[in-house]
Amino acid sequence: MWIIIQFGLAAILLLFSTLAAWYEGSAILDNPLEWKHSTPFSQMMYGQVHSKSHISQLDYFVYSAKFHPFFPIIMAISSLYLLILIGYYFLKPQNKKFACFLFILGGGLFLLGCFFMDSTTTGGKIFFYIWLVSGSLCTATAIITYFQVLNHNPRR
1352 MWIIIQFGLA AILLLFSTLA AWYEGSAILD NPLEWKHSTP FSQMMYGQVH
1402 SKSHISQLDY FVYSAKFHPF FPIIMAISSL YLLILIGYYF LKPQNKKFAC
1452 FLFILGGGLF LLGCFFMDST TTGGKIFFYI WLVSGSLCTA TAIITYFQVL
1502 NHNPRR
């Protein structure tokens, strides 16, 4: 029952923070000087962005993460929490698989942090550290969980 409550609260927090980040990111429409630097999704679809109508909704999140990172940070943390909670729910009875899940997730978070390593914006730097710390915590938890399984199961 407790896991359902956690899942519900995290999902509500994710939904609220997503809507807030989307709203804050819509400010990119009024900032044409940032269109070249903050519209990677639109540039993939249309090439160079010349008008507001060519800006993808996904680019709102990019702009928000760069210049108003509070809600995108809440989005990232609640998404990560939900992902770990789902992995825990389905893989906890099989501790080795849960440890492998956390190890792979930690590696993915480190990799994600590499995209933000050289960021010049405050939001980018914050996301670099979030992915770095989250990856470290997932990896450390995976190692601890794995060795606890080995110590409790001497037959391996």
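Going by the working numbering, the first residue of the sequence shown is number 1352, and it counts up by one from there.
Think of the CB as a built atom: it goes at the ideal place given N, C-alpha and C, for glycine as much as any other residue.
Problem set entry | DSSP three-state assignment for Q1399, whether helix, strand or coil | In the sequence shown, the residue the question calls residue 1399 occupies position 48. In this structure, Q1399 counts as coil in the three-state DSSP scheme.
For this session: Could you tell me whether the Cβ atoms of L1433 and L1365 are closer together than 9 Å?
Result: Along the sequence shown, read from residue 1 onward, the residue named residue 1433 stands at position 82. Along the sequence shown, read from residue 1 onward, the residue named residue 1365 stands at position 14. Cβ atoms of L1433 and L1365: closer than 9 Å.
Problem set entry | Distance, G1376 Cα to V1413 Cα | The residue given as residue 1413 occupies position 62 in the sequence shown. The residue given as residue 1376 occupies position 25 in the sequence shown. Approximately 7 Å, taken between the alpha carbons.
For this session: To the nearest angstrom, report how far apart F1441 and F1358 are at their CA atoms.
Result: One-based indexing of the sequence shown puts residue 1441 at position 90. One-based indexing of the sequence shown puts residue 1358 at position 7. Cα-Cα distance, rounded: 13 Å.
Problem set entry | Top-ranked residue by Cα proximity to W1373, from K1447, T1490, M1426 | Here residue 1373 is taken as the residue at index 22 of the sequence shown, counted from 1. Distances from the alpha-carbon of W1373 to those of K1447, T1490, M1426 put M1426 closest.
For this session: Could you pull out every unbroken beta strand (DSSP E) segment of at least 3 residues lying fully inside the stretch 1419-1470, listed in chain order?
Result: Those beta strand (DSSP E) runs which fall completely within the stretch 1419-1470 and span 3+ residues do not exist here.
Problem set entry | Member of S1402, H1419, P1420, F1452 whose CA lies at the smallest distance from the CA of I1435 | Locating residue 1435 in the sequence shown gives position 84, where the first residue counts as 1. Considering only alpha carbons, the answer is F1452.
For this session: Report back the beta-carbon spacing between F1454 and F1467 to the nearest angstrom; my notes put them in contact at under 8 Å.
Result: The residue labelled residue 1454 in the question sits at position 103 within the sequence shown. The residue labelled residue 1467 in the question sits at position 116 within the sequence shown. Between F1467 and F1454 the Cβ distance is about 21 Å, and since that is not below 8 Å, they are no contact.
For this session: Quick one: residues in its chain with C-beta nearer than 6 Å to the C-beta of Y1411, no 5 flanking neighbours on either side, listed in chain order?
Result: Residue numbering aside, residue 1411 sits at position 60 when the sequence shown is read from its first letter. Around Y1411: W1373, G1376, S1377.
For this session: Determine the burial state of W1353: buried for a count of at least 16 other Cβ atoms within 10 Å of its Cβ, exposed for fewer.
Result: Taking the first residue of the sequence shown as 1, we reach residue 1353 at position 2. W1353 comes out exposed.
Exercise. What is the C-beta distance between S1485 and L1460, in whole angstroms, given that I count them as a contact (C-beta under 8 Å)?
Worked result: As a working note, residue 1485 is residue 134 in the sequence shown. As a working note, residue 1460 is residue 109 in the sequence shown. Rounded, the Cβ-Cβ distance is 5 Å, consistent with contact.
Exercise. In chain order, what residues of the same chain lie with their CB nearer than 7 Å to the CB of Q1445, ignoring the 5 residues before and after it?
Worked result: Locating residue 1445 in the sequence shown gives position 94, where the first residue counts as 1. Contacts found: none.
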